[in-house]
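Number of protein chains: 2
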Amino acid sequence: MNPAQTGLKKWHKVMEGGNAPAALAAIIAEDAAFHSPVVHTPQQGRALVVAYLAAAGQVFADSQFTYQREIVDGNQAMLEFTAEIDGVHINGVDIIQFDDGGMIKDFKVMVRPLKAVNKLWKMMAAQLQAAQAHPSKA
Amino acid sequence: MNPAQTGLKKWHKVMEGGNAPAALAAIIAEDAAFHSPVVHTPQQGRALVVAYLAAAGQVFADSQFTYQREIVDGNQAMLEFTAEIDGVHINGVDIIQFDDGGMIKDFKVMVRPLKAVNKLWKMMAAQLQAAQAHPSKA
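Chains as they are written, first to last, in the working numbering: chain A, -13 to 124; chain B, -13 to 124.
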């Protein structure tokens, strides 16, 4: 298995467990970056990447989140997903770059259509705020 | 070369020529579909796919549009790009599915951040309207 395949296997396992922060921290490189679908500036460092992916796990918990296709090439992978939240269809991609050990170095998310971007923006902001107010539940 | 590599070579050539409609029509399958970053419902058929990609060519004409990375796997490819229009940073992906002959079967675009989605929505609507009003310039 190449680094992307090794990394994807771990990623899928962490997702099955609901994106638990400790499990996320174990597969994310210390200097990793997260690029949200909404904001231009990346979130730098393991702690922030964990916080965003844990929040996403909560937001998509009951959304019928399903990966539809996978494009894997060297250390990189694009995973396309569909989901539905409050009747809003969400189609998006996780573009993940792994280091040579299969740890996540860079995680970028884009979604369509416009309605989905707006929906996720609100849900993620609320979830990140809730996690800050109750860190034990993050 | 596999179908995606053959198809990508043609696509890059068509882009260098500014997405001319006749050149686009020659590399797009008759039953192709285009999925915009803004609208959920796909645009079906070669004529509509050509119209959208030609409009995109106009919208990005002076935007310093640059492909940043390419993930290629079997018949599929993800091309990530950056551009800038009126000071708005645009980061997006073209996710292209090719048929076995290297013709474009499915073309999906997603962009980030939110500002870029809103900007492109306005620009594309104006461009598609202008092309309809002056078909010779499309």
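From the three backbone atoms N, C-alpha and C, an ideal C-beta is built for every residue, glycine too.
What is the residue span of the alpha helix (DSSP H) that asparagine 104 of chain A lies within? 100 to 119
Helix, strand or coil, according to DSSP, for alanine 63 of chain B in the structure here? strand
How long is the line joining the alpha carbons of serine 49 of chain B and phenylalanine 93 of chain A, rounded to whole angstroms? 25 Å
With distance defined between alpha-carbon atoms, name the residue in B:Lys91, B:Gly88, B:Val79, B:Gln29 nearest to valine 95 of chain A. B:Val79
Kindly confirm or deny that the region 69 to 88 of chain A and the region 25 to 32 of chain A touch, where touching means at least three C-beta pairs closer than 8 Å. no
Separation of glutamine 118 of chain A from alanine 111 of chain A, as counted between CA atoms: Alanine 111 of chain A and glutamine 118 of chain A have their C-alpha atoms some 11 Å from each other.
Alanine 40 of chain A and asparagine 5 of chain A: beta carbons closer than 8 Å? yes
Residue environment, glutamate 16 of chain A, which counts as buried when at least 16 other CB atoms sit within 10 Å: exposed
Could you check the C-alpha separation between glycine 88 of chain A and threonine -8 of chain A for me, to the nearest Å? 6 Å
Which first and last residues belong to the alpha helix (DSSP H) in which valine 0 of chain B is found? -11 to 2
Under the three-state reduction of DSSP, which class applies to glutamine 83 of chain B: helix, strand or coil? strand
If you draw a straight line from the alpha carbon of alanine 47 of chain B to that of glutamate 56 of chain B, how long is it in whole angstroms? Cα to Cα, the separation comes out at about 21 Å.
Chain B partners of proline 99 of chain A, CB-CB under 8 Å? Ser22, Pro23, Val24, Val25, His26
Counting only Cβ pairs nearer than 9 Å, list the residues of chain A close to glutamine 30 of chain B. Under the 9 Å cutoff, chain A gives no residues; its nearest Cβ is about 16 Å from glutamine 30 of chain B.
Assign glutamine 54 of chain A to buried or exposed, taking buried as 16 or more other Cβ atoms, counted over all protein chains shown, within 10 Å of its Cβ. exposed
According to DSSP, is glutamine 44 of chain B part of a helix, a strand, or is it coil? helix
Close Cβ partners of lysine -4 of chain B (< 7 Å) along its chain, the five nearest in sequence each way excluded: Ile13, Gly88
Close Cβ partners of glutamine 62 of chain A (< 8 Å) along its chain, the five nearest in sequence each way excluded: Hits under 8 Å: Ala(-10), Ile81, Ile82, Gln83, Phe84.
Contacts that tryptophan -3 of chain A makes with chain B (C-beta to C-beta distance below 7 Å): Within chain B, no residue comes near tryptophan -3 of chain A; the closest Cβ sits about 16 Å away, beyond 7 Å.
Identify each residue in the region 63 to 93 of chain B for which the Cβ-Cβ distance to at least one residue of chain A is less than 8 Å, and report them in chain order. Answer in chain order: Ala63, Met64, Glu66, His75, Asn77, Gly78, Val79, Ile81.
In this structure, what does DSSP give as the bridge partners for methionine 96 of chain B? B:Val79
According to the neighbour-count rule (16 or more other Cβ atoms, all chains shown, within 10 Å of its Cβ), is glutamate 66 of chain B buried or exposed? It is buried - the Cβ of glutamate 66 of chain B has at least 16 other Cβ atoms within 10 Å.
For methionine 109 of chain B and aspartate 59 of chain B, the rounded distance between their alpha carbons: Computed Cα separation, rounded: 32 Å.
Between methionine 96 of chain A and chain B, is there a C-beta pair that is closer than 8 Å? Interface residue (Cβ-Cβ distance to chain B less than 8 Å): methionine 96 of chain A is classified as such.
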